[in-house]
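Chains as they are written, first to last, in my numbering: chain L, -11 to 324; chain Z, -11 to 324.
Protein chains: 2
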Amino acid sequence: MVDRIKTVTIKDVAKHANVSVGTVSRVLAKNATVKQPLLIRVNKSIELLGYKPNLAARALRANKDDVLGLVLPDITNPFFAQVAKEIELEAARHGLAVILASSFDDHEKEARQVRAILDRSPTGIIVIPSTDSLSFELPETIPIITIDRPVSNVHEGVFADQELGAALAADHVFELGHRNIVYIAGPKDTIVSEQRKQGFSARIKELCKGDPAFKLSVHHGLFDYEAGEKVARLVLENNSGSRPTAIVAASDQQAIGALREARDIGVIVPTELSIVGFDDIALANIVVPRLTTIRQPIEALAKTAVKRIIDPNSNEADLDLTCNLIVRTSTTKAPQ
Amino acid sequence: MVDRIKTVTIKDVAKHANVSVGTVSRVLAKNATVKQPLLIRVNKSIELLGYKPNLAARALRANKDDVLGLVLPDITNPFFAQVAKEIELEAARHGLAVILASSFDDHEKEARQVRAILDRSPTGIIVIPSTDSLSFELPETIPIITIDRPVSNVHEGVFADQELGAALAADHVFELGHRNIVYIAGPKDTIVSEQRKQGFSARIKELCKGDPAFKLSVHHGLFDYEAGEKVARLVLENNSGSRPTAIVAASDQQAIGALREARDIGVIVPTELSIVGFDDIALANIVVPRLTTIRQPIEALAKTAVKRIIDPNSNEADLDLTCNLIVRTSTTKAPQ
DNA sequence: CTGAAAGCGCTAACAA
DNA sequence: TTGTTAGCGCTTTCAG
């Protein structure tokens, strides 16, 4: 027997208030059918005894626990941390605790994490997928929704329109007069990456249609700093003649990598080179110069995801899930 | 009645294997007292039926859930995210799920979060305190340990020696020949801040004892970027005569703020000014120039904390919990 | 070594 | 409107 420190149960409350456990339970459930005098007495006893409901017992009884699973690639990634923060906030508003589990971009591990959380009968699970395909089977009874990254299997997902977001970046650099543009895309095998690339290139091509000066070159890499550095080095070095005047990246990390490389090489941002990122991670507003970027509607994503968990078939209108252009000082008019 | 999809229970397994539930339970508990033939039969049935133990029932029975609470100020802070990652990793190794809750540096909220997690009968709670005093009462039965920041109430805490860490920074700038030094401290009312300040100033004073050129000026601020910028502006502007050659900060954020301000003012780092941070957040290795800083032993902190939760009175030797100096390119020899 | 049975704390169906 | 009671699924005595 585990040494069980005398803990106040519903039975103790019942005894103290001179009612049955059923009545106490009803009071707890805010079941209106309990008459004033009893209600008051019970509440007083609860207060007096310092009664706390046993969550495990409830979970067992209801076959459902007030927890929300959150599975994401890596909490150390500032964007994911931001998402986690908003989700926790929203979950708390609904009385849900958040269980955090990381997949470290491992398909197998992601599946294991999801299954492990499933074993706890959570109210639902939100997952930021590590890849484009779902790594786990969808249970019948527990809502799982993906967020941020779309997955190819058609499935309940919450995310901002990436193409539209990327198109915003196209509009911006076009308006600033840039025509010789480099786009740093993410890995070819991720959907987000392709969507952003598609959204950007389609829009910029449309805008620049017929302009003989227009030149777009697309490079692929990971979403990280190194990729940004590498591409920037490639396009900026030994290239002063036809050097691009704008680099648009598929992630802030890439953009910041490019920023850094430009500085190392001696190309001045934004006078000689404008740079645009994507995501608006906290760092974007800290680097020098501050990064112009596309902000994802993280709070709205989080709220929507949690709402779908709690009320899976609500028809309530979704929040505005569009990206926004955040203009800062890493972009300016194209040099003559 | 909640629609309970037919879920396999221990009873089903017992029936299928033609044994009693007790036996199945013993098998589950790896209780060696079950004989081979039964053991095999039971395991086969478990496999066949796809049985998964009901965690809520276990938690109810044992009055203890295999979860670890983690309460921290803000997961968005890269240092805390790092800590969270390591804790989750270590918790997983022990079969513990992690419940994440944020205090947002609010004493009251921190207390509520801790109490809310306590209601779930967790195996333990790790908290990164938002202030120097404990915001909650310590329960008898559930271990709560604080990590990273010491709290004034004497209490089970896991943290690196901040004074020693800060002294490392002193050694470093001294060896590089810096004598006109600015120290950016954190808020006066936090213990860490005072410890780091104390560790740095005591050591540097000792090293420079009797040196007529020695000059140390200490400024206080928050641990954030702005504080770093502000102090840097103050000491670098209109001050070219006796300008400091080194700035040592109590946090990487402050150091990075100072870095940024130095660049704005036109003071070249590290040639004209060396800068040292504290914590080694991921960003420290990304800024230009990369930041020399004091690294906290995050992984060891996490492991130690989890170990203390799982085995509160283990006398096993603690891991090495000392800080390390990470020399990068934001520091160099003092200018002549 | 194994089975039978009590009971963890709670909710909800059924009675009164 | 309130009381009584049967389990939810599991572990752990206690018998055998």
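Think of the CB as a built atom: it goes at the ideal place given N, C-alpha and C, for glycine as much as any other residue.
By the CB criterion at 8 Å, V1/Z and L27/Z fall outside the cutoff.
If you look at N31/Z, you'll find it in the alpha helix (DSSP H) that goes 24 to 37. Under the Cβ criterion of 8 Å, R283/Z is not counted among the residues facing chain L. Leaving aside the five residues that flank E78/Z on each side, the residues in its chain whose CB is nearer than 7 Å to its CB run, in chain order, A290, K291, V294. Below 8 Å, enough C-beta pairs join the stretch 262 to 275 of chain Z and the stretch 61 to 70 of chain Z to call them touching: three or more. 8 Å or more divides the Cβ of V15/Z from the Cβ of V9/Z.
Residues of the stretch 240 to 252 of chain Z with a Cβ closer than 8 Å to any Cβ of chain L, in chain order: I244, R248, R251, D252. Against chain Z, the CB of P110/L has no partner CB under 8 Å away; the residue lies outside that interface. For E76/Z, the C-beta contacts it makes with chain L under 9 Å involve I63, L88, A89, S90, in order along the chain.
Between I235/Z and I263/Z, the gap from beta carbon to beta carbon is short of 8 Å. When Cβ-Cβ separations below 8 Å define contact, I135/L makes no contact with chain Z.
In this structure, the beta-carbon distance from A238/Z to A220/Z does not fall below 8 Å. When secondary structure is reduced to three states using DSSP, H208/L falls in the strand class. Cβ contact annotation for Y213/Z (same chain, cutoff 8 Å, sequence separation greater than five): Q241, Q242, I244, G245, R248, in chain order.
Following the DSSP letters along the chain, one finds V115/L inside the beta strand (DSSP E) bounded by residues 112 to 115.
For V219/L, no chain Z residue has a Cβ inside 9 Å of its Cβ, as the nearest lies near 17 Å away. N51/L sits in coil when the DSSP states are folded into three classes, being neither helix nor strand. By alpha-carbon distance to K203/L, the top candidate from K193/L, A80/L, L210/L, Q284/L is K193/L. Using a Cβ-Cβ distance cut-off of 8 Å, the stretch 132 to 146 of chain Z and the stretch 185 to 192 of chain Z are not in contact, since fewer than three pairs of beta carbons, one from each stretch, lie closer than that value. The beta carbon of A72/Z falls within 8 Å of a beta carbon belonging to chain L, placing the residue at that interface. Taking a beta-carbon distance threshold of 8 Å, K(-1)/L does not count as an interface residue toward chain Z.
For secondary structure counted as the beta strand (DSSP E) over 3 or more consecutive residues, the stretch 179 to 259 of chain L holds these complete runs in sequence order: 203 to 208, 234 to 237. The stretch 74 to 89 of chain L and the stretch 157 to 169 of chain L do not touch, with fewer than three beta-carbon pairs separated by less than 8 Å. Counting other Cβ atoms within 10 Å of its Cβ, N42/Z reaches 16 or more and is therefore classed as buried.
Of all C-beta pairs linking the stretch 87 to 97 of chain L to the stretch 57 to 68 of chain L, three or more are shorter than 8 Å, placing the two stretches in contact. Partner residues in the beta bridge of I133/Z, as assigned by DSSP, are I114/Z.
The way I'd put it, the stretch 40 to 55 of chain L does touch the stretch 47 to 56 of chain Z; three or more beta-carbon pairs between them come closer than 8 Å. Burial check for I105/Z: the Cβ neighbour count within 10 Å reaches 16 or more, so the residue is buried. Burial is judged here by how many other beta carbons sit within 10 angstroms of a residue's own beta carbon; G265/Z has at least 16 and is buried. Rounded to whole angstroms, the separation of the alpha carbons of T129/Z and N31/Z is 34 Å. Contact note: L271/Z reaches chain L through L271, using a C-beta cutoff of 7 Å and chain order. Under the three-state reduction of DSSP, A322/L is assigned to coil, being neither helix nor strand. Nearest CB-CB separation between V15/L and chain Z: not below the 8 Å threshold. The C-alpha of H166/L lies about 28 Å from the C-alpha of I274/Z. From the beta-carbon of Y213/Z, the residues of chain L found nearer than 7 Å are I274. Spatial neighbours of G153/Z in its own chain (CB-CB distance under 6 Å, excluding positions within 5 residues in sequence) are listed in chain order as I282, C311.
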